[in-house]
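Everything on this sheet refers to the single structure shown next.
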Amino acid sequence: MMNLNQYEVLTFDCYGTLIDWETGVIKALQPILDAHQIQLNEDGILELFARFESQLEGGEYRQYKNILQGVVQKFGEHFDFTPSSVELTALADSVKHWLPFPDTVEALHILKKRLKLAIISNVDDDLFAFTAKHLQVEFDSVITAEQVKSYKPSLQNFQVAIARLGIPSEKILHVAGSIYHDIVPAKALGLSTVWVNRRFGKEGLGATLAAVSNPDLEVPNLKTLAEMIQL
Numbered sequence: 003m004m005n006l007n008q009y010e011v012l013t014f015d016c017y018g019t020l021i022d023w024e025t026g027v028i029k030a031l032q033p034i035l036d037a038h039q040i041q042l043n044e045d046g047i048l049e050l051f052a053r054f055e056s057q058l059e060g061g062e063y064r065q066y067k068n069i070l071q072g073v074v075q076k077f078g079e080h081f082d083f084t085p086s087s088v089e090l091t092a093l094a095d096s097v098k099h100w101l102p103f104p105d106t107v108e109a110l111h112i113l114k115k116r117l118k119l120a121i122i123s124n125v126d127d128d129l130f131a132f133t134a135k136h137l138q139v140e141f142d143s144v145i146t147a148e149q150v151k152s153y154k155p156s157l158q159n160f161q162v163a164i165a166r167l168g169i170p171s172e173k174i175l176h177v178a179g180s181i182y183h184d185i186v187p188a189k190a191l192g193l194s195t196v197w198v199n200r201r202f203g204k205e206g207l208g209a210t211l212a213a214v215s216n217p218d219l220e221v222p223n224l225k226t227l228a229e230m231i232q233l
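Using our numbering, the first residue of the sequence shown is number 3, and each one after it goes up by one.
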């Protein structure tokens, strides 16, 4: 059993861990597909989103809102339709409306009483500013892809975060819902990790690619982690 009292900072992935991005993605993309008579279930939408997003993030850096526009473009190419200008920006425009999981805000407030909180997220600064309003807690540090000019699972995002936090890596606990984006690179740098398995009991991988790693702790939600740290 890991000693949760040894950590000083919790670093969080945001979208998929704190924010229910899969619901947000589906709500944004489903109407576009419907408008072009494309029949695809939710698991299929998320699977293609994961593939297209990863391809685009692996290229030369560009802002996340442009990545999301590229995702819509790739859906068009895949299903042979041309998205309208409104459809091209619909996914990026939707991010500001993506909401926290039901347990997120309360858990963050509990954790904030005990530890410093930080964000390491594949997002633009202005998009996170909208999200921060939903999260209702002040983070001690926010490290975005826009600041680092790379996207997780790049090690660079975590290296910048560790340097900016200015404490030994053994005092940092990284909390994330994606094995692919977060657990693998965090473990590669020797960070302790908690996998928040938001898809517990569901089929498929959702909005992330397949990856294998061994997180130090697995929990089904953030509430469970908050309760464990309170003990």
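From the three backbone atoms N, C-alpha and C, an ideal C-beta is built for every residue, glycine too.
Original post:
What number of angstroms, rounded off, separates the C-alpha of Val221 from the C-alpha of Gly60?
Top reply: 29 Å
Original post:
Just curious, the beta strand (DSSP E) that Ser194 is in, first and last residue?
Top reply: 194-198
**OP:** Could you pull out every residue in the same chain whose Cβ sits closer than 6 Å to the Cβ of Gly72, ignoring the five residues on either side in sequence?
**Re:** Leu58
**OP:** Express the C-alpha separation of Ile164 and Pro170 in angstroms, rounding to a whole number.
**Re:** 8 Å
**OP:** Please state whether DSSP places His176 in a helix, a strand or coil.
**Re:** strand
Subject >> Proximity to Gln41 [Cα-Cα], best of Phe81, Lys76, Leu137, Leu157 >> reply: Phe81
Subject >> Residue burial classification, Gly192 (beta-carbon count within 10 angstroms, cutoff 16) >> reply: exposed
Original post:
With respect to the alpha helix (DSSP H) encompassing Ile28, which residues constitute its N-terminal and C-terminal limits?
Top reply: 23-37
Subject >> Opening and closing residue of the alpha helix (DSSP H) in which Val150 lies >> reply: 147-150
Subject >> Ala120 beta carbon less than 8 Å from that of Asp142 >> reply: yes
Original post:
With C-beta atoms as the reference, is His183 less than 8 Å away from Asp15?
Top reply: yes
Subject >> When Met4, Leu31, Ile145 are compared against Ala209, the one with the closest alpha-carbon >> reply: Leu31
Subject >> Same chain, Cβ closer than 6 Å to Leu35, neighbours up to 5 away in sequence not counted >> reply: Leu42
**OP:** Drop a sphere of 10 angstroms on the beta-carbon of Pro1, count the other beta-carbons inside from all chains shown, and report buried for 16 or more, exposed for fewer.
**Re:** Residue coverage of the chain in this structure runs from 3 to 233, which leaves residue 1 outside it and unanswerable.
Subject >> Burial state of Thr106 (16 or more Cβ within 10 Å) >> reply: buried
Original post:
Would a C-beta distance cut-off of 8 Å place Asp22 and Trp100 closer than the cut-off?
Top reply: yes
**OP:** Whole angstroms is fine: what's the gap from Lys115's alpha carbon to Pro102's?
**Re:** 20 Å
Original post:
What is the DSSP secondary structure of Pro187, reduced to helix, strand or coil?
Top reply: helix
**OP:** Within the same chain, show all residues whose beta-carbon is closer than 7 Å to that of Pro155, passing over the 5 residues directly before and after it, in chain order.
**Re:** Tyr182, His183, Val186, Pro187
Subject >> For Lys98 and Phe262, believed in contact at Cβ under 8 Å, the rounded distance >> reply: Only positions 3 to 233 of the chain appear in this structure, which leaves residue 262 out of reach.
Subject >> Residue of Val198, Leu48, Glu229 minimising C-alpha distance to Leu219 >> reply: Val198
**OP:** Would you mind working out which of His176, Lys189, Glu205, Gly203 sits nearest Tyr9, comparing C-alpha positions?
**Re:** His176
**OP:** Ignore the nearest five residues each way along the sequence and tell me which others in Thr146's own chain have a CB closer than 7 Å to its CB.
**Re:** Ser123, Val125, Asp126, Asp127, Phe130
Subject >> Cα-Cα separation between Ser86 and His38, rounded to whole angstroms >> reply: 11 Å
Original post:
In this structure, does DSSP put Thr91 in helix, strand or coil?
Top reply: helix
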